[in-house]
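Data block below; observations after.
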Amino acid sequence: MSEVHVCVVSRSSGSPRLSFAEATYVPYSKRLGLCGSVYLTLWRAVTKVRPGYLQQPTETTLMKTTRHSRGVRNAWNARTALVLAAAAASAGAAHAQSGSSVQVFGLLDIGVQALKASGSDTRYFVNSDGNTSSRFGVRGTEDLGGGLKVGFWLESAVAVDDGTSGATSTNNKDSVSGGLTWGRRATVQISSADWGELRLGRDYVPSFGNLTTSMHPFGTNGVGSSGLLFYPVPAGGTTARTGVRASNSIGYFTPSGLNGFYGHAMLALGEQGAGPTRKDGQLTGVRIGWRNEVFNTSAAISKTRYATGDYTQSNVGVAYTWGPAKLMALWGRNEIGISSTTATMLGTQWQVWPQGEIRFAYTWLKAKNVASDANQIAIGYVHDLSKRTALYTNLSKIDNKGRGVRFNVGLATTQPGGDSGGFEAGVRHNF
Numbered sequence: 046m047s048e049v050h051v052c053v054v055s056r057s058s059g060s061p062r063l064s065f066a067e068a069t070y071v072p073y074s075k076r077l078g079l080c081g082s083v084y085l086t087l088w089r090a091v092t093k094v095r096p097g098y099l100q101q102p103t104e105t106t107l108m109k110t111t112r113h114s115r116g117v118r119n120a121w122n123a124r125t126a127l128v129l130a131a132a133a134a135s136a137g138a139a140h141a142q143s144g145s146s147v148q149v150f151g152l153l154d155i156g157v158q159a160l161k162a163s164g165s166d167t168r169y170f171v172n173s174d175g176n177t178s179s180r181f182g183v184r185g186t187e188d189l190g191g192g193l194k195v196g197f198w199l200e201s202a203v204a205v206d207d208g209t210s211g212a213t214s215t216n217n218k219d220s221v222s223g224g225l226t227w228g229r230r231a232t233v234q235i236s237s238a239d240w241g242e243l244r245l246g247r248d249y250v251p252s253f254g255n256l257t258t259s260m261h262p263f264g265t266n267g268v269g270s271s272g273l274l275f276y277p278v279p280a281g282g283t284t285a286r287t288g289v290r291a292s293n294s295i296g297y298f299t300p301s302g303l304n305g306f307y308g309h310a311m312l313a314l315g316e317q318g319a320g321p322t323r324k325d326g327q328l329t330g331v332r333i334g335w336r337n338e339v340f341n342t343s344a345a346i347s348k349t350r351y352a353t354g355d356y357t358q359s360n361v362g363v364a365y366t367w368g369p370a371k372l373m374a375l376w377g378r379n380e381i382g383i384s385s386t387t388a389t390m391l392g393t394q395w396q397v398w399p400q401g402e403i404r405f406a407y408t409w410l411k412a413k414n415v416a417s418d419a420n421q422i423a424i425g426y427v428h429d430l431s432k433r434t435a436l437y438t439n440l441s442k443i444d445n446k447g448r449g450v451r452f453n454v455g456l457a458t459t460q461p462g463g464d465s466g467g468f469e470a471g472v473r474h475n476f
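In this note's numbering, each residue's number is its place in the sequence shown (first place is 1) plus 45.
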């Protein structure tokens, strides 16, 4: 970050004169001496004091004169302010030249929900993340030159309704919760315009990329979320900790400029002890796609090893922009041991006017070895108040088959094979 240093100087009586003729540029590589050199040069120009005069001060002052007339004092104040402004500008220019930056960012999403399930009364909630996941983070980059950059990214979930943070998993097996955790993302990365990006830490798995709003109208949020039917697993099953992110990962992203082709590969370690579960939490995954201005398609697969049965998530997504409408199709399969579910979605995001967008999705789920088929229909509207703030509302219904008990957002339970529905309205603000 830029720093401004205020210097206390000495001067003798007499009206100072302002001149920048002696100011010289010092390369940023010598930034440890930059402030002192620039400020001293500017001070000499203002006071016309010889270098040796610093040893014989007659009055220590900054923006204050008690031995001079009002006119002289005002002139000194104005000119000293110009010196400080010029010094600050020089520090800022040196900082910008370094190509380094650190940014604090975040997003807050909160709304009200009404949820109804067969066999239960309507329940009401104040809940986060109806449109986008709330978060708080810090990220930064440093330009090393030659197209090479190093960066970091720390991001935590935030539940706006109660102020808590989200859970994480240290070994891709057990869930861990606590205070502020960087569970959404915690990475250090090195990137090259020619060679791509190498990323280490906790990050999104390759198969998650198709479940976001790039391929699904609602992404993974709210009562219309793709996660309600595209995530594992049937009622009573064990949900894998690597459906969205993985810890202890090494990821590679292809560079841009490959004629529209892109890819993401990941290896994540479970870091278990010895014994039959020593490979639990070890993930491998890859995503490959192609896109241009109006078309985007990709296929992905991620597999996590567990002694109780490996978890495999695979999906294929397609999105096509046709005028104001973005048409989407998504197919996904989740396997845990001998059980599996397959979901298919058709949907759209339609820009009805510059500030308003309608979203629609219809999804059907087929299950193997578990009687939990289901269909879901969802519709929503997002209205932008500005570039950073939006209002939204969503309505969704799930029709469970057999013994299925899938429910919107998971805040209530439904009878096996019963219906469930949800409505929500909220506000989203990012900074």
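Built from N, CA and C at the ideal position, the CB exists for glycine as well.
For residue i, list the residues DSSP reports as bridge partners.
i: H309; result: F298, R332
i: D444; result: N420, D464
i: A432; result: Sequence check: residue 432 is Lys here, not Ala. Partner(s): none; K432 has no beta bridge.
i: A406; result: G392, A423
i: D248; result: A291
i: S214; result: Answer is none; S214 lacks a bridge partner.
i: Q400; result: According to DSSP, which records beta bridges pairwise, Q400 is partnered with nothing at all.
i: A474; result: Reading off the sequence shown, one finds His at residue 474, where the question assumed Ala. For H474, which the question treats as bridged, DSSP gives the partners L153, T434.
i: F181; result: G151, S201
i: A364; result: N341, M373
i: F170; result: Q158
i: Y356; result: T349, I381
i: D548; result: Lying before the first or after the last residue shown, residue 548 is absent from the chain, which here runs from 46 to 476.
i: E242; result: S236, F298
i: S146; result: T186
i: N255; result: In the DSSP output, where bridge partners are listed per residue, N255 has none listed.
i: T386; result: N379, A412
i: A231; result: L199, R247
i: T439; result: For the sequence presented, residue 439 should be read as Asn rather than Thr. DSSP, once it has assigned bridges, lists G425, E469 as partnering N439.
i: L193; result: G190, S237
Say whether chain D places a C-beta atom closer than 8 Å to the C-beta of residue i.
i: G164; result: Chain labels in this structure do not include chain D; a single protein chain is all it has.
Less than 8 Å separating the beta-carbons of residue i and residue j?
i: A5; j: S359; result: The structure shown does not extend to residue 5, since the chain is modelled only from 46 to 476, so the question has no answer here.
i: Q234; j: G269; result: no
i: N439; j: E469; result: yes
i: L297; j: L225; result: Sequence inspection shows Tyr at residue 297; the Leu mentioned does not correspond to that position. Result no, Cβ atoms of Y297 and L225 do not sit closer than 8 Å.
i: D154; j: D174; result: yes
i: S179; j: R247; result: no
i: A419; j: K446; result: yes
i: N217; j: A313; result: yes
i: S214; j: A202; result: no
i: G425; j: Y407; result: no
i: Q158; j: G467; result: yes
i: L430; j: M260; result: no
i: N379; j: L152; result: no
i: G156; j: V472; result: yes
i: S343; j: G330; result: no
i: G254; j: R332; result: yes
i: R176; j: Y356; result: Residue identity check: residue 176 is Asn in the sequence provided, not Arg. No, Cβ-Cβ distance for N176 and Y356 is not below 8 Å.
i: P251; j: R404; result: no
i: F275; j: G377; result: yes
i: G228; j: A204; result: no
i: S163; j: Q400; result: no
i: I295; j: L245; result: yes
i: V171; j: D219; result: no
i: Q421; j: L273; result: yes
Measure how close the beta-carbons of residue i and residue j come, nearest whole angstrom, since I'm counting them as under 8 Å.
i: P300; j: G368; result: Not confirmed; about 31 Å, so no contact.
i: S236; j: L256; result: Rounded, the Cβ-Cβ distance is 24 Å, inconsistent with contact.
i: T258; j: G264; result: 4 Å
i: Q148; j: G185; result: 7 Å
i: S384; j: K413; result: 7 Å
i: V339; j: Y365; result: 6 Å
i: R290; j: Y249; result: 5 Å
i: T389; j: W409; result: 6 Å
i: L199; j: A231; result: 5 Å
Quick one: does the C-beta of residue i sit closer than 7 Å to a heavy atom of the ligand NAD?
i: H474; result: This structure simply doesn't include the ligand NAD, nor any ligand for that matter.
>> Check whether the segment 321-328 and the segment 349-356 touch, using three or more Cβ-Cβ pairs below 8 Å as the test.
In response: Flag = yes, the segment 321-328 and the segment 349-356 touch.
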